[in-house]
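Written below as structure tokens is the structure these notes are about.
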Amino acid sequence: QKEVEQDPGPLSVPEGAIVSLNCTYSNSAFQYFMWYRQYSRKGPELLMYTYSSGNKEDGRFTAQVDKSSKYISLFIRDSQPSDSATYLCASPLGFQKLVFGTGTRLLVSP
Amino acid sequence: EAQVTQNPRYLITVTGKKLTVTCSQNMNHEYMSWYRQDPGLGLRQIYYSMNVEVTDKGDVPEGYKVSRKEKRNFPLILESPSPNQTSLYFCASSLGGGNSPLHFGNGTRLTVT
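Chains as they are written, first to last, in my numbering: chain A, 1 to 110; chain B, 1001 to 1113.
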């Protein structure tokens, strides 16, 4: 079993829709959670970062963590075609590395 | 501009021909790492370095070597590439590892025939 699981998608939505992207994790040692966005032919870039359970909002993006069920979500409001990318959830394991999910591909059509 | 620069972006080679992928960062980051990205497997760490002359294996180090002689550079060496090393490679750096955000390069797509 992978330590971080994501549905690979693709998830196709129309412009303006609310998008929900989800991850589950199995390692109770995970304390911090990150969402990276990866455009085609680019490296991943950090989108959001959260530590505690609950919600964290940044513009159109909201990250949600439920540590009791080991469930991580990213919500995108008023989705735009420019949001079309692969979204990766990740958590640091010690100082050595980030453990990544396989990513969910999102397609937002105009 | 703060960035991680990898070269080359694309590389096609043959089995057994030694190659080096360069990586350089201009952010004075202590921590650097190499990942490979494969469909269905996601990003997997190959090697990482906490500082100059300090390197250690990640999850998939077989067939790879690294060195960290200078803080800014962290080359990835494939002494004898094989087809199963065909992949998309990313170099990344951060201030201190752990929960420090990783800054990624734009990737090197390697094909070994």
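Glycine included, every Cβ here is placed at the ideal spot set by N, Cα and C.
Figure out for me which residue from P1083(B), Y1031(B) and Q1037(B) has the closest Cα to the Cα of T1070(B).
For clarity, residue 1070(B) is Glu in the given sequence; the question names Thr instead. Distances from the CA of E1070(B) to each of P1083(B), Y1031(B) and Q1037(B) were compared; the closest alpha carbon is that of Y1031(B).
For P44(A), which residues in chain B fall below 7 Å Cβ to Cβ?
Taking a Cβ-Cβ threshold of 7 Å, the residues of chain B close to P44(A) are F1104, in chain order.
Residues in the region 1074-1095 of chain B with C-beta within 7 Å of chain A's C-beta atoms, listed in sequence order?
Result list: F1090.
So which residues on chain B does Y32(A) lean against when the C-beta distance must stay under 7 Å?
N1099
Which residue marks the beginning of the beta strand (DSSP E) containing R975(B), and which one marks its end?
Examination of residue 975(B) is not possible in this model, given that chain B is present from 1001 through 1113 alone.
N1099(B) by DSSP, collapsed to three states: which one?
coil
Using a 10 Å radius around the Cβ and a threshold of 16 neighbouring Cβ atoms, would you call K1017(B) buried or exposed?
exposed
Name the two residues that bound the continuous beta strand (DSSP E) containing Q1025(B).
L1019 to Q1025
Could you tell me whether any non-hydrogen atom of the ligand FAD is closer than 7 Å to the CB of Y1010(B)?
As far as ligands go, the structure on display features none, and thus does not contain the ligand FAD.
Per the contact definition of three or more C-beta pairs closer than 8 Å, is the region 43-59 of chain A in contact with the region 20-30 of chain A?
no
Enumerate, from N- to C-terminal direction, the unbroken beta strand (DSSP E) stretches of 3 or more residues contained entirely within the region 1028-1059 of chain B.
1031-1038, 1042-1051 and 1054-1057
Which class does S1094(B) belong to by DSSP, given the choice of helix, strand or coil?
strand
Below 8 Å on the Cβ atoms is my contact criterion, and I expect G1097(B) with F95(A) to pass it. Report the Cβ-Cβ distance as a whole number of Å.
4 Å
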